[in-house]
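Chemist:
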Amino acid sequence: MPGHRAQDGRPARTTHEWVRTRLRSAIFAGDYPPGSKLVQTEIAEQLGISVTPVREAMRDLINEGLVDFDPHRAATVRRIDIADAIEVNELRLVLEPLAVRQAAEHITPEELDHLRDLETVMEATETHQDWLEANREFHLAVIEAARAPRLAGILTHLRQISSYYLAAFARVGGVDHAKSAREHRDLIAALAEGDGDRASAIMANHLAQTDQLTAGLSASTPTAGADQAG
Numbered sequence: 001m002p003g004h005r006a007q008d009g010r011p012a013r014t015t016h017e018w019v020r021t022r023l024r025s026a027i028f029a030g031d032y033p034p035g036s037k038l039v040q041t042e043i044a045e046q047l048g049i050s051v052t053p054v055r056e057a058m059r060d061l062i063n064e065g066l067v068d069f070d071p072h073r074a075a076t077v078r079r080i081d082i083a084d085a086i087e088v089n090e091l092r093l094v095l096e097p098l099a100v101r102q103a104a105e106h107i108t109p110e111e112l113d114h115l116r117d118l119e120t121v122m123e124a125t126e127t128h129q130d131w132l133e134a135n136r137e138f139h140l141a142v143i144e145a146a147r148a149p150r151l152a153g154i155l156t157h158l159r160q161i162s163s164y165y166l167a168a169f170a171r172v173g174g175v176d177h178a179k180s181a182r183e184h185r186d187l188i189a190a191l192a193e194g195d196g197d198r199a200s201a202i203m204a205n206h207l208a209q210t211d212q213l214t215a216g217l218s219a220s221t222p223t224a225g226a227d228q229a230g
């Protein structure tokens, strides 16, 4: 099956996980614009697979908030909603510094190494899509390190939707990768020192971009495909 095997030929993940990653990346890249239809049979044919893993992947993306589903119509990519993007960012601004403060108490050396690896990937990547995926994994890994399942559940959902808006922001050049890298490195250092106060402050500053986000999403809206749902 194309594209989802490790270098030694073994399956790197299940087919539906591979499809989910492919679709998520395509949505983040703007290949499926906001509001556009996602027809399972067409996607299955394009990928050369059966409909079943596409259906499973679509269900995951609906749960992540990237895809909207109406039983009377095809599934569609989430539309750009600036008010929603601001609300998501403001909720993260309240909750994610709390998670980071708790992560400073519980994070393991292995988890710190994983964060460093992800930051290295972000600094080395040449594409927005790879950067976005590594950035998404970075924030989810920090959230997981808090050892707070309920908080993690709320933030994971917010993070998935936030990644979607961040992808649209990135497509109009709104993401300052150098600034993000500095803040990520500072955050890792604070977590390694167990300094919850400093880590929390760094995360709060990292997320304080509502004005830039609003401007960037407004710029992306005319080409966001809002009328493509048909």
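Counted from 1, the sequence shown has number 111 at position 111 by this note's numbering; the numbering is strictly sequential. Don't be surprised by glycine CBs; every beta carbon is placed ideally from N, CA and C.
1) Which of the three DSSP states is assigned to Thr-76 in this structure?
2) Take the Cβ of Arg-13 as the centre, count every other Cβ of all protein chains shown within 10 Å, and call the residue buried at 16 or more, exposed below.
3) Any idea which residues DSSP pairs Asp-113 with across the strands?
4) Kindly indicate the opening and closing residues of the alpha helix (DSSP H) around Gln-129.
5) When the distance is taken between beta carbons, is Ala-74 closer than 8 Å to Val-51?
6) What do you reckon, are the CB atoms on Ala-190 and Phe-28 nearer than 8 Å?
7) Give the straight-line distance between the Cα atoms of Glu-87 and Ala-199, rounded to the nearest whole angstrom.
8) Spell out the partners DSSP gives Pro-39 in its beta bridges.
9) Among Glu-105, Glu-123, Glu-45 and Trp-131, whose alpha-carbon lies nearest the alpha-carbon of Ile-143?
10) What residue from Arg-59, Glu-133 and Phe-69 has the CA that sits closest to Lys-37's CA?
11) Exposed or buried, Ala-224, counting other C-beta atoms within 10 Å across all chains shown (16 or more means buried)?
12) For Val-54, which of helix, strand or coil comes out of DSSP?
13) If you run the structure through DSSP and keep just helix, strand and coil, what is Val-94?
14) Determine whether the beta carbon atoms of Arg-159 and His-139 lie at a separation below 8 Å.
15) If you check the beta carbons only, do Val-121 and Ala-134 fall under 8 Å apart?
16) Relative to the alpha-carbon of Asp-60, which residue among Thr-21, Thr-41 and Glu-126 has its alpha-carbon at the smallest distance?
17) Alpha carbon to alpha carbon, what distance is there between Leu-217 and Arg-171?
18) With a 10 Å radius around its C-beta and 16 neighbouring C-beta atoms as the bar for buried, classify Thr-233 as buried or exposed.
19) How many angstroms separate the CA atom of Met-58 from the CA atom of Gly-153?
20) Within the continuous alpha helix (DSSP H) that includes Val-14, where are the two ends?
21) Compute the beta-carbon to beta-carbon distance between Ala-204 and Pro-71, rounded to the nearest angstrom, for a pair I have assumed lies under 8 Å.
22) Which whole-angstrom value describes the C-beta separation of His-157 and Glu-183, a residue pair presumed to lie in contact below a C-beta threshold of 8 Å?
Modeler: Looking at the atomic coordinates:
1) strand
2) exposed
3) Per DSSP, none; premise fails for Asp-113.
4) 128-145
5) no
6) no
7) 23 Å
8) The displayed chain sequence assigns Val, not Pro, to residue 39. Val-39 is not bridged to any residue.
9) Glu-105
10) Phe-69
11) Reliability of the predicted coordinates at Ala-224 is poor, the pLDDT of 39 falling under 50, and the value obtained from them is presented with this limitation in mind. Buried is the call here.
12) Val-54: helix per DSSP, three-state reduction.
13) Helix, per DSSP.
14) Yes, the Cβ-Cβ distance between Arg-159 and His-139 is below 8 Å.
15) yes
16) Thr-21
17) Arg-171 and Leu-217 have their C-alpha atoms some 10 Å from each other.
18) Past the boundaries of the shown model lies residue 233; the chain is included only from 1 to 230, so the question cannot be answered.
19) If you draw a straight line from the Cα of Met-58 to the Cα of Gly-153, it is about 20 Å long.
20) At residue 14 the sequence reads Thr, which differs from the Val that was named. Where Thr-14 is concerned, there is no enclosing alpha helix (DSSP H), given that its DSSP letter is neither H nor E.
21) Not confirmed; about 40 Å, so no contact.
22) Contact flag wrong, Cβ pair sits at about 23 Å.
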